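Per my numbering, the sequence shown starts with residue 1244, numbered consecutively.
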Amino acid sequence: MVVIIINLTLTDLHNSEALTLQEKDINCIINNENYQIIDHAGTLQPNGVIILNYVPITLEGRMKFEERFQNRPKKIENEDGFWAIRTLRPLSGNMYVILSQWDSINSFKNWQNSSAYSHAHKNRGTKEGIDQEKGVLGGKPSHRIYQVSTIYKI
């Protein structure tokens, strides 16, 4: 079995903050925070942009949140400029991370304006939406956009 370790250095597009991301098998480390990859598609690339969506989930909401992501419609994979997605379960704490990688910020923005995005988020703000379901979210989600600045494969 060949193990590939990918180390990325990412630079925030707005704050010049750098962070490191390491992927190995089913694990991912972002700045010393450990995650398990529970859903994925595509391969991380040595350039482009990475969007990290931080979603705080309560202990009792974890199963419901994970089920939704594992049963997602998988339309993002067909979008122009899409390279990879990872759903990351925290090994400590409550902050899940949804990582997506794109060839450019424009491709990411185009996806946000697409019918695939609308379909993936069609229940947001409705009684069927996970954001409205009592006891799932542990706070307000947020996202950061990073430029891939360095990659190492071991």
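Note that the Cβ used here is the ideal one computed from N, Cα and C, for glycine as well. Computed from a predicted model, the values in this text were never measured in an experiment.
In the structure shown, what three-state DSSP assignment does Q1313 receive?
Stepping through the sequence shown from its first residue, residue 1313 is reached at position 70. Note: Q1313 maps to helix in three-state DSSP.
Are N1274 and P1384 close, meaning C-beta to C-beta below 8 Å? Position 31 of the sequence shown, counting from 1, holds the residue named residue 1274. Position 141 of the sequence shown, counting from 1, holds the residue named residue 1384. Their beta carbons are not under 8 Å apart, which means N1274 does not touch P1384 by this criterion.
Checklist line | Helix, strand or coil at N1349 according to DSSP, with G and I counted as helix | finding: Against the sequence shown, residue 1349 aligns to sequence position 106. In the structure shown, N1349 sits in a helix (DSSP, three-state: H, G or I).
For I1293, does the three-state DSSP call read helix, strand or coil?
-> In the sequence shown, the residue the question calls residue 1293 occupies position 50. Three-state DSSP puts I1293 in a strand.
If contacts are defined as beta-carbon pairs under 8 Å, then H1283 and I1328 qualify, I think. What distance do you get, rounded to the angstrom? One-based indexing of the sequence shown puts residue 1283 at position 40. One-based indexing of the sequence shown puts residue 1328 at position 85. At roughly 7 Å, the Cβ-Cβ gap stays under 8 Å, so H1283 and I1328 are in contact.
Considering only their Cβ atoms, is the gap separating L1262 from I1388 smaller than 8 Å? Working through the sequence shown from its first residue, we reach residue 1388 at position 145. Working through the sequence shown from its first residue, we reach residue 1262 at position 19. Contact flag unset, no.
Ordered along the chain, which non-local residues of its own chain (more than five positions away) have a Cβ less than 7 Å from that of I1300?
Translated into the one-based positions of the sequence shown, residue 1300 becomes position 57. Excluding residues within five positions, the ones whose Cβ falls inside 7 Å are F1308, N1337, Y1339, V1379, L1380 and G1381.
### Message
Run through the DSSP bridge pairs and tell me what E1276 is partnered with.
### Response
Reading the sequence shown from its first residue, position 33 is the one you call residue 1276. BP columns for E1276 point to I1273.
Q1344 burial status per 10 Å Cβ neighbour count (16 or more: buried): Along the sequence shown, read from residue 1 onward, the residue named residue 1344 stands at position 101. It is buried - the Cβ of Q1344 has at least 16 other Cβ atoms within 10 Å.
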